[in-house]
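Note sheet for the following structure.
Protein chains: 2
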Amino acid sequence: MDGRPANDPSPWMTFENRRRARDEKREAVLRTAVQLFLEQGYHRATLNEVAERLNITKPALYNYFRSKEDILFECWALGQEQVDGFIAAIDGSQQNGLGKLRALVHSYAETMATDFGASLVRFDPRDLSPSNAKTVRAAKRGIDQTFRRYIAEGIADGSIKPCDPKMAAFAIAGSLNWIGHWYQRGGPLTADAIADDFAERLTEGLATARSNKPRPNKPATKTKKSVVRATTHRKTK
Amino acid sequence: MDGRPANDPSPWMTFENRRRARDEKREAVLRTAVQLFLEQGYHRATLNEVAERLNITKPALYNYFRSKEDILFECWALGQEQVDGFIAAIDGSQQNGLGKLRALVHSYAETMATDFGASLVRFDPRDLSPSNAKTVRAAKRGIDQTFRRYIAEGIADGSIKPCDPKMAAFAIAGSLNWIGHWYQRGGPLTADAIADDFAERLTEGLATARSNKPRPNKPATKTKKSVVRATTHRKTK
DNA sequence: GGCTTATATTACTCACGGGTAAGAAAAAGT
DNA sequence: ACTTTTTCTTACCCGTGAGTAATATAAGCC
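Protein chains in written order, with the working numbering: chain U, 374 to 610; chain W, 374 to 610.
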């Protein structure tokens, strides 16, 4: 009776195709939720509307998540996973400090242009439980330290001119984080164009004269692993 | 009977000194509100607590403001007033594009380190009525265009090397706006040090070789140093 | 004093939305 | 086919906090 469009991303088919794997549904919830949270803000977004967009009802969500806050945290965690992924890749690469910094800026900019990536900077940790908030704070500190580490590394190896890594990291991360606030898919700028531009723009001021500027080849961060984390929450029986 | 500390910023003296001018009370409400909104976030902050901090009760607030949203908007407006102020000053100054951009970055950075300044980027326009949200969006656009204008001006007068003003403005404004998210009074960095550093850091990449770099003497906007915060006592410790 | 106005309080309403209980309807197991 | 388990729905609870009504108290004014 409903005639959903074929491009409907929901695995609940309103009628009778409800047999997909549990994790796919979990993921669908998160994708819908992160979109709505970004669109309207966490507090204005209601679980009723999340459910509605998935053709289900609110209580059904509680089969997959313990609470609204749980959903928020899982969204954040997916974004953080991406970041952890490309940081690990860059850490393992053989480049000087400037090269790593460029790669980091590039990947981070791209991530900021995704929903889960933007959630890293647009969600408010104060909406999380103390325990989850602690996790988030630790992760944020980790990202900040990665920026500083690459800069310090660059200074040490001569690819970056001496400066205060702390302030430089603040300035760079600020530019990047802000992308998550203004970037809109479908706008005049593509994520790729922004990433390319920022990778150059935010590092040129730091490069030493003698460090040449090779076109930043994309790091092997195209992991695109499964997006869903192992299902944990199950009502204890 | 209450024995409030003498440094209590509230004009309601709990006992009987309630005769200050109406506008002073309005302002006191805003100072308390902006602080609480930043501290806890707009949605978590309750008017009950705002009132409590002022030694009054919630309904008393409605003598001065129509609604919670009204308070939010007025906080934002005070911050915006500051920005409008120094932009007007810089616009009227006789400098090349690079000089104006530096002055803008400096003043903007200082403002981001104030409560009302931070509210410009930490408050969510979606919490405002459509009418007020429209005002905010227009003001944001105005700020963005000021950045772009100074950059374009600098390119035209040769003080800034050719670049895309749009992207450059995004990058610079991003760094600056982010200050409002991480800066904490009482931390290791003073607002002044940050402003000095950023004014140089965010513009050095744009300067042409031939444009010398005079030590950025503090711009003339120093005169109007944070009107509102002038009355706030120093860190409560 | 007594009258008016401004300001504050106490005690309430009420919409909203997160979360739960009980049980129906599928799916899966046998 | 029958039982069991998982998934989902209908119908509710209930805490919260913005906003209001009625009223008290103080201030300003003659």
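From the three backbone atoms N, C-alpha and C, an ideal C-beta is built for every residue, glycine too.
Please read these numbers as outputs of a predicted model, since none were measured by experiment.
Between the alpha carbons of W:Thr618 and W:Glu454, how many angstroms are there, rounded?
One cannot answer for residue 618 of chain W here, as it falls past the ends of chain W, which runs 374 to 610.
As an exercise, report each continuous alpha helix (DSSP H) stretch of at least 4 residues that is fully enclosed by the stretch 422 to 459 of chain U, in chain order.
Complete alpha helix (DSSP H) runs here, min 4: 431 to 434.
What residue range does the alpha helix (DSSP H) around W:Gln408 cover?
Its alpha helix (DSSP H) spans residues Arg395 to Gln413.
U:Ala566 by DSSP, collapsed to three states: which one?
It is helical.
Report the three-state DSSP secondary structure of U:Ala580 (helix, strand or coil).
In the structure shown, U:Ala580 sits in a strand (DSSP, three-state: E or B).
Can you tell me which of U:Ala512, U:Ala564, U:Arg499 and U:Leu493 puts its alpha carbon nearest to the alpha carbon of W:Met540?
The shortest Cα separation from W:Met540 among U:Ala512, U:Ala564, U:Arg499 and U:Leu493 belongs to U:Ala564.
At a Cβ threshold of 8 Å, is U:Ile552 touching chain W?
Yes, contact with chain W.
How about U:Gly470 and U:Ile524: do their beta carbons lie closer than 8 Å?
Cβ atoms of U:Gly470 and U:Ile524: closer than 8 Å.
When you compare only the Cα positions, how much space is there between U:Ser532 and W:Glu400?
Their backbone Cα atoms lie some 51 Å apart in a straight line.
Between U:His416 and W:Cys448, what straight-line distance do the alpha-carbon atoms span, to the nearest angstrom?
Rounded to whole angstroms, U:His416 to W:Cys448 spans 20 Å at the Cα level.
Is DSSP giving U:Leu477 helix, strand or coil here?
Here U:Leu477 sits in helix by DSSP.
Could you pull the start and end residues of the alpha helix (DSSP H) that W:Leu549 belongs to?
Counting along the chain, the alpha helix (DSSP H) containing W:Leu549 begins and ends at Pro538 to Trp555.
Starting from U:Gln518, trace the alpha helix (DSSP H) both ways and give me its first and last residue.
From DSSP, the alpha helix (DSSP H) with U:Gln518 extends over Pro503 to Asp530.
Output, in sequence order along the chain, the residues in the stretch 417 to 446 of chain U whose CB is closer than 8 Å to any CB in chain W.
Per Cβ criterion, the list reads Arg417.
What does a CB cutoff of less than 8 Å around U:Pro535 pick up in its chain, not counting 5 residues either side in sequence?
The residues are Ile528.
In whole angstroms, give me the CA-to-CA distance for U:Gln557 and U:Ser492.
Their backbone Cα atoms lie some 13 Å apart in a straight line.
Buried or exposed for W:Asp396, going by 16 or more other Cβ atoms inside 10 Å?
By the neighbour-count rule (16 or more Cβ atoms within 10 Å), W:Asp396 is not buried but exposed.
Give, in chain order, every residue of the stretch 529 to 558 of chain U whose Cβ lies closer than 9 Å to some Cβ of chain W.
Against chain W - using a Cβ distance shorter than 9 Å - the residues of the stretch 529 to 558 of chain U are Cys536, Asp537, Lys539, Met540, Ala541, Phe543, Ala544, Ile545, Ala546, Gly547, Ser548, Leu549, Asn550, Trp551, Ile552, His554 and Trp555.
Report yes or no: is there a C-beta of chain U within less than 8 Å of the C-beta of W:Phe496?
Not one chain U Cβ lies under 8 Å of W:Phe496.
Taking C-alpha atoms, which residue in U:Arg426, U:Ser502 and U:Leu474 lies nearest to U:Arg439?
For U:Arg439, the nearest C-alpha among the options comes from U:Ser502.
Taking 8 Å as the threshold, find out whether the stretch 481 to 491 of chain U comes into contact with the stretch 546 to 553 of chain U through three or more Cβ pairs.
Yes, since at least three Cβ pairs between the stretch 481 to 491 of chain U and the stretch 546 to 553 of chain U fall closer than 8 Å, the two stretches touch.
Are the C-beta of U:Val600 and some C-beta of chain W separated by less than 8 Å?
Bear in mind that the predicted position of U:Val600 carries a pLDDT of just 38, short of 50, making it unreliable; the figure below should be weighed with that in mind. No, its Cβ sits nowhere closer than 8 Å to a Cβ of chain W.
Which residue or residues does DSSP assign as beta-bridge partners of W:Ile533?
Answer is W:Ala580.
Going by other Cβ atoms of all chains shown within 10 Å of its Cβ, with 16 needed for buried, is U:Arg588 buried or exposed?
Bear in mind that the predicted position of U:Arg588 carries a pLDDT of just 48, short of 50, making it unreliable; the figure below should be weighed with that in mind. When all chains shown are included, U:Arg588 counts as exposed.
Alpha carbon to alpha carbon, how far is W:Asp569 from U:Arg623? Give it in angstroms, no decimals.
In the structure as shown, chain U starts at 374 and stops at 610, and residue 623 of chain U therefore has no counterpart that could be examined.
Do U:Arg499 and W:Gln467 have their beta-carbon atoms positioned less than 8 Å apart in this structure?
No, the pair does not count as a contact, with Cβ atoms beyond the cut-off.
By the criterion of Cβ-Cβ separation under 9 Å, what are the contact partners of U:Asp569 in chain W?
Those do not exist, as U:Asp569 stays about 10 Å from chain W at its closest Cβ, beyond 9 Å.
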